[in-house]
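So the protein sequences, as listed, match chains D and H.
Mapping the first sequence onto the UniProt record's numbering, position 78 (from 1) lands on 78, and the numbers just tick up by one.
Mapping the second sequence onto the UniProt record's numbering, position 53 (from 1) lands on 53, and the numbers just tick up by one.
Number of protein chains: 2
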Amino acid sequence: MKGLDKEIIKYICENNLERDLLKGNFGIEKENVRVDKNGRLSTTPHPKVFGDRLNNLYITTDFAESQVEMVTPVVDTLEETYEFLDNLQNIVSLELEEELLWPQSNPPILPDDEKIYIANFNDTSDGKEARRYRDTLAEKYGKKIQLISGIHYNFSLKDKFLDNLYKEFGKGLTFTDFKNKVYLKIAKNLLRYRWLLIYLTGASPIVHKTYDEKIINNMKNINEESYHIEDIVSFRNGSYGYKNEKDFIISYDNVESYVRDIEELISSGELDSAREFYSPVRLKAEENKDTLNSLLKDGIKYLELRFIDLNPFNKNGIDLETLYLVHLLVLFSLFQEDEPFDEESQKVAYKNHELVASFGRNKNLELYENFNTKNLLCNMGKNIFEEIRKLISVIGEKEEFLIKVVDDAIDKLENPNKTIANKIVEKVLEKSYMDFHIELAKEYLKESKENEFKLTGYEDLELSTQVLLKASIKRGIKFEILDRKDNFIALDNGKKVEYTKQATKTSLDPYSSVMIMENKLVTKHVLDKVGIRVPIGKDYFNSSSAKKDFTLFKDKSIVIKPKFTNFGVGITIFKDTFSKESYERAIDIAFEHDDSILIEEFLKGNEYRFLVLGDKVEGVLNRVPANVVGDGKSSIEELINRKNSSPLRGEGHRTPLEIITIGEIEKMFLNQQGKDINYVPLDGETVYLRENSNISTGGDSIDCTEDILKSYKDIAIKAAKTVGASICGVDMIIEDISQDATKDNYGIIELNFNPAVYMHCYPYKGVNRNIGEKILDLLDL
Amino acid sequence: MKGLDKEIIKYICENNLERDLLKGNFGIEKENVRVDKNGRLSTTPHPKVFGDRLNNLYITTDFAESQVEMVTPVVDTLEETYEFLDNLQNIVSLELEEELLWPQSNPPILPDDEKIYIANFNDTSDGKEARRYRDTLAEKYGKKIQLISGIHYNFSLKDKFLDNLYKEFGKGLTFTDFKNKVYLKIAKNLLRYRWLLIYLTGASPIVHKTYDEKIINNMKNINEESYHIEDIVSFRNGSYGYKNEKDFIISYDNVESYVRDIEELISSGELDSAREFYSPVRLKAEENKDTLNSLLKDGIKYLELRFIDLNPFNKNGIDLETLYLVHLLVLFSLFQEDEPFDEESQKVAYKNHELVASFGRNKNLELYENFNTKNLLCNMGKNIFEEIRKLISVIGEKEEFLIKVVDDAIDKLENPNKTIANKIVEKVLEKSYMDFHIELAKEYLKESKENEFKLTGYEDLELSTQVLLKASIKRGIKFEILDRKDNFIALDNGKKVEYTKQATKTSLDPYSSVMIMENKLVTKHVLDKVGIRVPIGKDYFNSSSAKKDFTLFKDKSIVIKPKFTNFGVGITIFKDTFSKESYERAIDIAFEHDDSILIEEFLKGNEYRFLVLGDKVEGVLNRVPANVVGDGKSSIEELINRKNSSPLRGEGHRTPLEIITIGEIEKMFLNQQGKDINYVPLDGETVYLRENSNISTGGDSIDCTEDILKSYKDIAIKAAKTVGASICGVDMIIEDISQDATKDNYGIIELNFNPAVYMHCYPYKGVNRNIGEKILDLLDL
């Protein structure tokens, strides 16, 4: 080891490039096989909800039908990568009915080969080729070995960063040649030092007895059902693991020689194609289908590290610390002084790789420094971390975190019993191979369920937008957040781009429809014209004229509301009699929210929110006004605080339900009931805090899509069609839902062009109506 | 005359129905023939801009191709009727190139019959029938008589008012029978007393020598070129005027007998169809094509008074006072005690009609009270007005105005020399028939021109909305104002309804396009992606982070603006160097208007507003920032006040240009130039008051549609297409308009989804680009 290249480090520091060292283009691919509740490999097909696996960017299948592959999009930071992986894990887990994701690289209980189904692809030439390739692999390597799963870590440097280096160090080279040189250097060093990561991340020490008999026979039986080798770290990375039949020696001098060597292996029949070259570190090209030509033409696009095992102790198979550990080794590889990676070096690397994978936990294990010199694994590792420590001080950022990552790694180097592999062995000895992993799988599923409505890294977006993003991820649609504050996203399925805001503002609705719905008076006018019942009412532009009409309304049930309002703000409802004072106060409140207000007839019955999407009512909710149920001891205020403490309640439409506030309207409403916030409701007594039932003002959502008669749904659809809307929230009052709609036993009080969709996905009571998917269907994405 | 029906009057007063007496459903039809500047009947076709005359609700042709008919829509008040008539008069006048509207019922200089062209209709069966009917009339009555023009006054009572009467007086009758009874009563009395209105409105005492020779020969030559009869009031209503060959006696007892009598006249061949029955008061049915059956089936829908002459002293052929005079006689007719209208009464009515029309100005003229009794016209008229005075006191509203209407009428009764007819005779004697009328026509055209941008009765709407309404009126499209404050209108061409707000918010744009344009950051992102140049920039959510970036921008030309802004509010531009203080102040100003702001690179060059409609750039404006030009004497403040006094400048987009304000931004901008509002610019010195050139902040609009090269127009169209917009205001900076667009000699700084269209219709300099019509084309209306 030559140590860090001082010239580069100096240039980095002088040009403030150290800020870019933790940035890059990162991506993770992770496989997990699906298993039943007992840990038997699933024989069911890949879930339909994930669409065409050949075109799904995030969720696909690897070798086997039961082998889910999750792919994070290219992002700038490892935090984002980790968060996306977490989302993929949650999304996939929650779509598996009665099945679990197996958290171990080594396979679960396997059936006979004929019941291991190779992944099915579509009927296109791409699909057929994908299947042919897998058939070849099954033939050549066997099916069971293909079920060994793991993590691929993809990385490239930012173009701007590379360009800065190029300006100083690229003299006489084209940019592509310079870029190739940089990536080849990183790749060579990663290959050279990969044993260190295998030691630290290796997590497949034990194999189930249903695995390949010939292999099992060479291993030691532990705990009845499973087998291992003493001191093994990673079965997957070891000699019986997923690798080529030979340790191929390839030139890493330049891209041309690299390509030439692989082409020779292919033409000699040793490899089926470039992608069968299972190098632990792969050079990746722009064009995946024609890698070698693309490498020659456009150069290396990114590197793929293929030797990381699934860490069963982490729900997502890897943790953020490990991602950074890999990145530190990448940087270390970049900033090392150049050394040749000749045949001897490659053979040494293969040797060390195998030694660590198979015997790494032996405290006295010595590795090769070169053909002639050996050294303790622990010492060799610590030498590398010495250099990495220097790098961390150059980086400057996240120092504490990175030092902890290094310290933990050194701790593992010094104490092999602290490695992941060792911990797994301990757990398996304590429980059993199957019990240990299945318990973890169940725990992870529970965790995913608890966070069902969350989309990690996108919590600042409105929940409805998160619902749509989640559906897009399931379907593998590329998305871009154009404006977080606006919840403005672009969805791109490769065929077209759709722009949406707040999930329901889309290209589907003409602006005129939005204008009509935005204006309650016009909405009523237009609906009335086609014979849909709407409450009678008047609009006012100043409070004095509204107040003058007291006599006009005094004997009616009325609602007083701002002309433009969202989420029920500023609305007051008088069901029976009301005083002139209350009437005037309500007018003032409404005018606080808009410069024109509406006073409307209040229709008798319950209010229902119909979500119309295209030609269908996709969900109906009865929204119950904010309320508390007494326990005979607590005051209304205490009950509210208790109800608000639920994790499902939050603020600003980022949780399924909203916090109940104690504002002027609530107090006025309690006052009308002769109560205040100190009143102690009886045990079981329900006290309503508002008349309006909007979820945004703390109401509860009760899904009743199945309970509503078709006649009402037809009216809702007609209303949406009348204003030309494709996405429309229809607020309908229904006197008696057990009776079919007549001319006057219902009334539409509002149409919403921007209906909250999350209410229909995460109702207070009821089932998820999967509105995100339905909006994507409507958008033809 | 029996006097008012006291029972009805009592009921009206007791039930507060008097408020409804001045309301009703009113409509006016008015004909004017087109003439050249010398008063010769036009031989040119009806202007194309008025579309298909068979489907144009407001502007069509009557008998002759040169005979324009203007039809006001049904409205509630006479004020609205009058205003709409005024608009029609202005609109039609301004579309006639080199032609005038002849303001007299009697024809202008007529050519020989073969050069009087009968109106051409479309090729549909309706069009063919319209032509056939006119051919028949030409054959039967001659062409020249058909050119006599006039006014039809259409009226019905409000259904609610009729319903109130029905409840009290309709016992034993169906509502339709009751309604028929009411209208028959009004019709009978109007027929009985029509002589009074003919006396007061008659305005066709003189005929040009080119009129029918046979008729002229029976008249007295005056003033060389024209002819009259001594004391004539209305040639049009007289025996040579536009009437049936016989005075038909028809039963008015009930609709059935009325229909039966007319059917008999048709089957005997005396009438071509029901519409050839030229009764001075017609019973009108729901269905115009099948009047008689429709009358039997649905009853009388409204009454049509057909005997009112064009008043040449009014631009619009009639004044508001006269409209009310007619209405007073209608109400008088309604509230008179019922009297039979038998053969004798009808003959008396015919006789009085003819006497007044032909000899009305004879102070000693006696009319028939019945076959046996005669009385002075003046006395008989005054008796009627005595009853009308009583009615006015019942009505309560507009008392002063109505009393003046009555007083004027009585004055005319007492002084025949004050009648319109007499005044016309005086003027013709003074000048000549042709000179007098042509001078008036020219004066009226001048008046219309002066008010080119105004739409009477709609001045509270934004000017762009008025532009669209005006275009709709030209094309005869029915419109409804759904929300005046919102400038929200519905346009209905009979085939479909389109909703528009502020003229440019329509169904043409998907909501997603609006969203993109609304968000400057997203707009830039999307345009940049397709290779359209946009200025670089950053957005900020708080002022401190924006202020921190001072060093980032300090050497650049920049613009600081609220993220969501309309009309340039809150925008500051720094072209060259600027101080940290000014920078921070500008940030504060921008944050006053939105909670996020943009700081952007300021592109060199002039700014142009491209109005893209569909696939075309329909207008390009260079907007010049608010400015004053010095006279060497006045201060900036005085110059601003002077410029603001132009009637073209106003506030809130209701005039072609806006008032220049002297606000903080103007003061800061002057300050940057080392000036303040007290500075006296040199003679001819232009002082700019703002950097931004929005019309809304007092800028001037210079049309330069023809000067802009296609390459820029193509870019504007591409930008609109990229965001999916059909209506889009593209703000482009162009370095040098004489050079074609390259990659970087232009830049789009903003797209507007709600571009002001009036700027392109009434630019400070340039021509009207008729954007209203183009939006209608785009809407396929």
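The beta carbon of each residue, even a glycine, is placed where N, CA and C say it ideally should be.
Going by beta carbons, serine 333/D and leucine 190/D fall inside the 8 Å limit. A contact between stretches requires three or more CB pairs, one per stretch, nearer than 8 Å, and the stretch 157-168 of chain D meets this requirement with the stretch 6-26 of chain D.
Boundaries for alanine 285/H: no alpha helix (DSSP H) harbours it, and the DSSP string shows neither H nor E there. The C-beta of glutamate 773/D has 16 or more other C-beta atoms within 10 Å across all chains shown, which makes the residue buried. Residues of the stretch 505-525 of chain D with a C-beta atom less than 8 Å from some C-beta of chain H are Lys505, Thr506, Ser507, Leu508, Asp509, Pro510, Tyr511, Ser512, Ser513, Val514, Met515, Ile516, Asn519, Leu521, Val522 and His525, listed in chain order.
Looking only at Leu320/D, Gly269/D, Asn221/D and Pro103/D, the smallest Cα-Cα distance to leucine 310/D is reached by Pro103/D.
Listed by position along chain H, the residues whose Cβ is nearer than 9 Å to that of glycine 724/D are Tyr499 and Ser507.
Ranked by how close their Cα comes to the Cα of isoleucine 662/D, the residues Leu751/D, Arg40/D, Ser512/D and Ser635/D have Ser635/D in first place.
With a contact defined as Cβ atoms closer than 8 Å, isoleucine 665/H and threonine 572/H qualify at about 7 Å. The three-state reading of DSSP puts serine 726/D in coil, since its state is none of H, G, I, E or B. The beta carbon of aspartate 460/H does not come within 8 Å of any beta carbon belonging to chain D, so the residue lies off that interface.
By the neighbour-count criterion, in which 16 or more other beta carbons inside 10 Å mark a residue as buried, serine 93/H falls on the buried side.
DSSP places methionine 1/H outside both helix and strand once states are collapsed to three, so it counts as coil. DSSP places phenylalanine 50/H within a helical segment (H, G or I) once states are collapsed to three. For the stretch 478-496 of chain H, the set of residues with a beta-carbon nearer than 9 Å to any beta-carbon of chain D comprises Glu480, Leu482, Asp483, Lys485, Asp486, Phe488 and Ala490, in chain order.
Along the stretch 582-614 of chain H, going in chain order, the ones with a CB nearer than 8 Å to a CB of chain D are Ser596. Ranked by how close their Cα comes to the Cα of glutamate 344/D, the residues Asn316/D, Thr373/D, Arg361/D and Asn362/D have Thr373/D in first place. Comparing alpha-carbon positions, the option among Asp435/H, Asn122/H, Tyr258/H and Gly269/H lying closest to leucine 283/H turns out to be Tyr258/H. Taking C-beta atoms as the reference points, arginine 769/H and glycine 619/H count as a pair closer than 8 Å.
Cysteine 378/H counts as buried, since no fewer than 16 other beta carbons sit within 10 angstroms of its beta carbon. Taking the C-beta atoms as reference points, valine 530/D is found nearer than 8 Å to threonine 722/D. In the three-state reduction of the DSSP assignment, proline 510/H falls in the strand class, which pools E and B.
If one requires a minimum length of 3 residues, the beta strand (DSSP E) runs lying completely within the stretch 490-560 of chain D are 497-501 and 537-540, in chain order.
Per DSSP, arginine 306/D is one residue of the beta strand (DSSP E) stretching across 302-308. Look at alanine 64/D here: in three-state DSSP terms it is strand. Only residues of its own chain outside the window of five on either side were considered, and among them Leu455, Tyr458, Leu461, Phe479, Ile489 and Gly772 have a CB closer than 8 Å to the CB of leucine 469/H, listed in chain order.
Put simply, of Gln346/H, Asp700/H, Asn293/H and Ile229/H the residue whose alpha carbon is nearest the alpha carbon of aspartate 253/H is Gln346/H. Distance between lysine 446/H and lysine 548/H, taken at the CA atoms: about 60 Å.
A residue is called buried when at least 16 other Cβ atoms come within 10 angstroms of its Cβ; cysteine 13/H does not meet this threshold and is exposed. Around the beta carbon of isoleucine 148/D, a 10 Å sphere encloses 16 or more other beta carbons of the protein chains shown; the residue is thus reported as buried.
Contact annotation, valine 207/D with methionine 219/D: C-beta distance approximately 7 Å; criterion of less than 8 Å satisfied. For tyrosine 608/H, the pairing in a beta bridge is given by DSSP as Asn622/H and Met732/H.
Separation of aspartate 338/H and leucine 657/H (C-alpha to C-alpha, rounded to the nearest whole angstrom) is 58 Å.
Within the same chain, Cβ atoms closer than 8 Å to the Cβ of isoleucine 59/H are found at Phe50, Arg53, Val68, Glu69, Met70, Val71, Leu88, Ile91, Val92, Ile473, Lys474 and Gly476, the five residues on either side in sequence being excluded.
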